[in-house]
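Enquirer: Mind the numbering: the sequence shown is residues 158 to 260 in the numbering used here, read in order.
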Amino acid sequence: EELKKSKVLLVTGISNINPLIEYLNNKNVQFDHITFSDHHNYSSKDISRIEKEFGDRIVVTTEKDYKKIKNLNLNNKLFYLEIKTTFLKDEGAFKSLIYDALN
158 EELKKSKVLL VTGISNINPL IEYLNNKNVQ FDHITFSDHH NYSSKDISRI
208 EKEFGDRIVV TTEKDYKKIK NLNLNNKLFY LEIKTTFLKD EGAFKSLIYD
258 ALN
């Protein structure tokens, strides 16, 4: 709800951005987006670009990217969306496979 009232800058470095964009659109969040390649290692040039684009907005990113850019000077306006793993089917089979491999 708070995101709807804010100016948002989305910063991502993931391969499949579609679920995140769909989530924000479904929440009626207006945002600009800076996208980087998956597993991007943020350079000082990238950091400068994010800080320049920041303005008076809040920055929203993924949990993975947050860990890489959390030291930016963004006046406590950097937030991330948590990553959650959900099994669509055969969770038990997957767990058994992992358990068997570890034993």
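By construction, the Cβ of each residue, glycine as well, lies at the ideal position given by its N, Cα and C atoms.
Looking only at DSSP bridge pairs, what is H190 linked to?
Expert: Your numbering for residue 190 matches position 33 in the sequence shown. Its beta-bridge partners are L167.
Enquirer: With distances taken between CB atoms, is the gap from L235 to T219 smaller than 8 angstroms?
Expert: The count along the sequence shown starts at 1 and reaches residue 235 at position 78. The count along the sequence shown starts at 1 and reaches residue 219 at position 62. Contact annotation: L235 and T219 have beta-carbon atoms that are not nearer than 8 angstroms.
Enquirer: Quick one: using the 10 Å Cβ neighbour count with 16 as the cut-off for buried, is K225 buried or exposed?
Expert: In the sequence shown, counting from the first residue as 1, residue 225 sits at position 68. The residue is buried, with at least 16 neighbouring Cβ atoms inside 10 Å.
Enquirer: With a CB to CB cut of under 7 angstroms and the five nearest residues on each side skipped, what residues in its chain are close to T192?
Expert: Here the question's residue 192 lines up with position 35 in the sequence shown. T169 and I174, listed in sequence order.
Enquirer: With DSSP as the reference, please indicate the residues paired to L238 in a beta bridge.
Expert: Mapped onto the sequence shown, residue 238 falls at position 81. DSSP lists T219 as the bridge partner or partners of L238.
Enquirer: In angstroms with no decimal places, state the Cα-to-Cα distance between Y223 and F244.
Expert: The count along the sequence shown starts at 1 and reaches residue 223 at position 66. The count along the sequence shown starts at 1 and reaches residue 244 at position 87. Whole-angstrom Cα-Cα distance: 24 angstroms.
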